[in-house]
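Line order of the protein sequences matches chains W and E.
Last residue of the first sequence: 231 in this note's numbering, with the numbers rising by one and none dropped.
Last residue of the second sequence: 1375 in this note's numbering, with the numbers rising by one and none dropped.
Think of the CB as a built atom: it goes at the ideal place given N, C-alpha and C, for glycine as much as any other residue.
One structure is given below, encoded as structure tokens.
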Amino acid sequence: MTGIAESLSETWPAIRLTVSLATVTTIILMVLGTPVAWWLARSRARWKEVVATIVALPLVLPPTVLGFYLLVALGPNGPGGWIAGLFGGRSLAFTFEGLVIGSVIYSLPFVVQPIRNAFEAIGDRPLEVAATLRASPWNAFWSVAVPLARPGFLAGAVLGFAHTVGEFGVVLMIGGNIPGETRVLSVAIYDHVETLQWDKAHLLAALMLGFAFVIILAMTLIARRMGRTTP
Amino acid sequence: MSGPEETIDAAFAGRLGDFSLDARFSVPARGIAALVGPSGCGKTTILRCAAGLTRLQGSFRIGGETWQDDETGLFRKPHRRPVGYVFQEASLFSHLRVRDNLLYGARRAGPAEIDSALSFDAVVGLLGIAPLLDRAPDALSGGERQRVAIGRALLSRPRLLLMDEPLSALDRDSREDILPYLETLHDELMIPVLYVSHDMSEVDRLADSLVLMERGRVLASGPLSELEADPDLPLIRSGGAAVTLEGIVESVDETYRLTEIAIPGGRVVVPGLQGGPGAGRRLRIRASDVSFASSRPEGITILNCLPVRILGTYPRDIDESQVTVVAALGEDGAGARLIGRITKRSQEALSLHSGATVFALIKAVSLASSRPGKR
């Protein structure tokens, strides 16, 4: 038993880092993904599917490809390096901020897609009704569209969080393996296996398995409860 | 004619996909104006344009207030137009309870006038929805939902009510349920209504004026009773052709339970006690219930036998054996118009031609409104 406690205390920084990374990423994704999803659901622009494709790219792109481009972009010679320069740094690669940027891009489709679907499912009518009842478009968005799309927002948040927790390839490419700073759970497991610390790998893997199970179960239950939007 | 302050003037033209609309009409800014025509003729599009939900070239004015005028580039956004829109489906917000649905527009419409006829309690009472206030829209029947939708529109304090076939998605019973509420609305509120319908029986009960449409054009607009008996319009040729007449109760026969009602140019007797003298009643006389006689018949059970002057006879294209007769009540032909459907043989045998003074035998007069209350 002392072995497990020891392993946990040793991997605690990785757990904390993973959770805070996923939390920050999810918050940013909700703020960023909502207007994108709204635009994709409502716009009649012909090139909107081009934008939708770009958003969906991380779904099929190998994480290492995405990670490579991000590494270049975040590095000293990319825009990331320029931004880091404003704060006295050299590069955003191998930092927590860099991980957040990478995670946001990597998990974007998992947040945008459910919210977009939910907005599309609402249709034009409730918003037209709101307009004839004197609600400005901004007001109708908050008072009608967002409450009616609630299941989509929940699904997007849960998926975005879970997907960020599970990412590996991108993190490895742009964050490396700095304990307490960029060493997240999935990287830690890889590390333990590499160094033949199987018991530690077992523990973390089991934790992740449990987490995934809970997430999917919660999602299903939420979907069942919120299938009908009720007051 | 009334001045621009008292009318609704609409003119919209444009294309929407394959459909082209070029409609222009002017109706009084009081009472109910029904937009009538076959489906796909552009009725709904006109309503959407009036609300600003669809934008076509043109102009829209109500009572001297301009909501759209493309010559000056004026276009008020939908949420800046004081309209109440009742859609075909109730379209209640499913995430809000009935009370919050009702108050959605009211909260955004600005301060209420004191003792307005459209206070929350008055509207809830008028529509009989008090028991529903704390329910979710999902838990309502179709008819209840539509009543809440009407209440929600009224509570947004509209200057104009737009109703797009509000009864067509309902079954017969719910429809009969709501019509009396609409009649009360018509009697008690001053808000003008544009009412889209393809059901003439609804129109007969509710409308004051008519805008008759066909394939994106306005065929005619004017008072209901004039258009119904206009030989140039398709209404007199339709199977259910009828006229509506505004009458006033003259006397009541308690013994035989009959009511005598004065109509322009004559008097008719209707069965039942239909309110006290002076009460307004809307009557409906179907063309198929009207026959003609060259002299006043003796020994006949029909109660209503009125002198009329024939204004014209019109053969029916779909049935050559029949003729539609348009007549005006009174020997001088100064009264309200009546239409009757007779066979061509009878027409020739009695030589019924325009200008002739004959007697109209009316087999049945029905009250257009089923409600025995005041009108």
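Contact with chain W by L1167/E, beta-carbon distance below 7 Å: By one-based count along the second sequence, residue 1167/E stands at place 167. So no, L1167/E is outside the interface.
Host alpha helix (DSSP H) of R1217/E (start-end): For the purposes of this step, residue 1217/E is identified with residue 217 of the second sequence, where counting begins at 1. Where R1217/E is concerned, there is no enclosing alpha helix (DSSP H), although the beta strand (DSSP E) it sits in stretches over R1217 to P1223.
Closest Cα partner of A41/W within the set I115/W, L8/W and V19/W: Indexing the first sequence from 1 puts residue 41/W at position 41. Ranking the options by Cα distance to A41/W, first place goes to I115/W.
Contacting residues, own chain, Cβ-Cβ under 8 Å from A212/W (five flanking each side not counted): In the first sequence, residue 212/W corresponds to position 212, counting from 1. Contacts found: A162 and G166.
Boundaries of the beta strand (DSSP E) in which L1167/E is found, first to last residue: Walking along the second sequence from the start, residue 1167/E turns up at place 167. Where L1167/E is concerned, there is no enclosing beta strand (DSSP E), given that its DSSP letter is neither H nor E.
Beta-carbon gap between T64/W and M173/W smaller than 7 Å: Here residue 64/W refers to the residue found at position 64 of the first sequence. Here residue 173/W refers to the residue found at position 173 of the first sequence. A contact, by the Cβ cut-off of 7 Å.
Cutoff 7 Å: S20/W Cβ touching any chain C Cβ: In the structure shown, chain C does not exist; the protein chains are W and E.
CB contact check: H1095/E to chain W, cutoff 7 Å: In the second sequence, the residue the question calls residue 1095/E occupies position 95. True, the Cβ-Cβ gap to chain W drops below 7 Å.
Same chain, Cβ closer than 7 Å to F1025/E, five either side skipped, listed in chain order: Along the second sequence, one-based indexing puts residue 1025/E at 25. So the list reads A1010, V1211, V1218 and S1221, once near-sequence residues are dropped.
Assigned secondary structure, C1049/E (DSSP; H/G/I helix, E/B strand, else coil): Sequence index remark: in the second sequence, residue 1049/E carries index 49 (1-based). Looking at C1049/E - three-state DSSP - the assignment turns out to be helix.
Stretch pair the region 170–184 of chain W + the region 1122–1129 of chain E: three plus CB contacts closer than 8 Å: no
Minimum Cβ-Cβ distance from A1051/E to chain W less than 7 Å: Taking the first residue of the second sequence as 1, we reach residue 1051/E at position 51. Answer yes: the Cβ-Cβ gap between A1051/E and chain W drops below 7 Å somewhere.
Buried versus exposed, by CB contacts within 10 Å (16 or more), F245/W: With chain W covering 1 to 231 only, the question about residue 245/W has no answer from this structure.
Every unbroken alpha helix (DSSP H) within the region 133–167 of chain W, with a cutoff of 4 residues, ordered by chain: 137–140 and 150–166
Exposure of A140/W, with buried meaning 16 or more beta-carbon neighbours within 10 Å: For the purposes of this step, residue 140/W is taken as residue 140 along the first sequence, with counting starting at 1. Burial call: buried.
Min CB distance P109/W to chain E below 7 Å: Numbered from 1 along the first sequence, position 109 holds the residue referred to as residue 109/W. Closer than 7 Å: no.
Option nearest G160/W by Cα separation, candidates F119/W, P126/W, I122/W and S107/W: Counted from its first residue, the first sequence places residue 160/W at position 160. Checking every option, the nearest Cα to that of G160/W belongs to S107/W.
Residues that E1331/E bridges to, as DSSP identifies them: Residue numbering aside, residue 1331/E sits at position 331 when the second sequence is read from its first letter. Bridge partners of E1331/E: none, in fact.
CA-to-CA distance, E128/W to H1079/E, given in whole angstroms: Along the second sequence, read from residue 1 onward, the residue named residue 1079/E stands at position 79. Along the first sequence, read from residue 1 onward, the residue named residue 128/W stands at position 128. When rounded, the distance between both Cα atoms is 9 Å.
Cross-chain neighbours of G1105/E in chain W, by beta carbon under 7 Å: Indexing the second sequence from 1 puts residue 1105/E at position 105. Within 7 Å Cβ-Cβ: L133 and R134.
6 Å Cβ shell around G75/W - same chain, five flanking residues per side excluded: Looking up residue 75/W in the first sequence gives position 75. Cβ neighbours of G75/W beyond the five flanking positions: G81, S91 and A93.
Chain W contacts from the region 1293–1320 of chain E (Cβ-Cβ distance under 9 Å): none
Span separating the alpha-carbon of I1046/E from that of F1012/E: Start at 1 with the first residue of the second sequence, and residue 1046/E comes out as number 46. Start at 1 with the first residue of the second sequence, and residue 1012/E comes out as number 12. Distance between the alpha carbons of I1046/E and F1012/E: 7 Å.
Test: L154/W CB closer than 7 Å to a CB of chain E: For the purposes of this step, residue 154/W is identified with residue 154 of the first sequence, where counting begins at 1. With respect to chain E, the C-beta atom of L154/W has no partner C-beta closer than 7 Å.
Positions along the region 108–129 of chain W whose CB lies within less than 8 Å of some CB in chain E: Taking a C-beta cut-off of 8 Å against chain E, the contacting residues of the region 108–129 of chain W are R125, P126, E128 and V129, listed in chain order.
A1262/E versus S1346/E - alpha carbon distance: Along the second sequence, one-based indexing puts residue 1262/E at 262. Along the second sequence, one-based indexing puts residue 1346/E at 346. Between A1262/E and S1346/E, the C-alpha separation is close to 29 Å.
Partner residues on chain W for P1180/E, Cβ-Cβ distance less than 8 Å: Residue 1180/E sits at position 180 when you count from the first residue of the second sequence. Within chain W, not a single residue places a beta-carbon under 8 Å from that of P1180/E; the smallest gap is close to 25 Å.
Proximity below 7 Å, CB of P1331/E to CB of T1357/E: The residue you call residue 1331/E lines up with position 331 of the second sequence. The residue you call residue 1357/E lines up with position 357 of the second sequence. Before going further, note that residue 1331/E is Glu rather than Pro in the sequence given. It is a contact, given that the beta carbons lie within the stated cut-off.
Cβ contact check for the region 117–132 of chain W and the region 185–192 of chain W: 3 or more pairs under 8 Å: no
Span separating the alpha-carbon of L1258/E from that of L1103/E: Locating residue 1258/E in the second sequence gives position 258, where the first residue counts as 1. Locating residue 1103/E in the second sequence gives position 103, where the first residue counts as 1. Between L1258/E and L1103/E, the alpha-carbon positions lie close to 45 Å from each other.
Exposure label - P1131/E; buried when at least 16 CB within 10 Å: For the purposes of this step, residue 1131/E is identified with residue 131 of the second sequence, where counting begins at 1. It is exposed - the Cβ of P1131/E has fewer than 16 other Cβ atoms within 10 Å.
Distance between G1247/E and D1134/E (C-alpha atoms, nearest Å): Walking along the second sequence from the start, residue 1134/E turns up at place 134. Walking along the second sequence from the start, residue 1247/E turns up at place 247. Cα-Cα distance, rounded: 42 Å.
Helix, strand or coil at M1001/E [DSSP, three-state]: As a working mapping, residue 1001/E is identified with position 1 in the second sequence. Note that M1001/E has pLDDT 44, beneath the 50 cutoff, so the model's placement of it is unreliable and the number below is only indicative. Three-state result, M1001/E: coil.
Contacting positions in the region 142–172 of chain W - beta carbon closer than 7 Å to chain E: Cβ proximity to chain E below 7 Å picks out V144, P147 and L148 from the region 142–172 of chain W.
For P1307/E, the nearest candidate out of R1316/E, S1321/E and A1327/E (CA to CA): Taking the first residue of the second sequence as 1, we reach residue 1307/E at position 307. For the residues R1316/E, S1321/E and A1327/E, the minimum Cα distance to P1307/E belongs to A1327/E.
Closer than 7 Å to chain W by CB, H1353/E: For the purposes of this step, residue 1353/E is taken as the residue at position 353 of the second sequence. Taking Cβ atoms only, chain W never reaches closer than 7 Å to H1353/E, which makes this a no.
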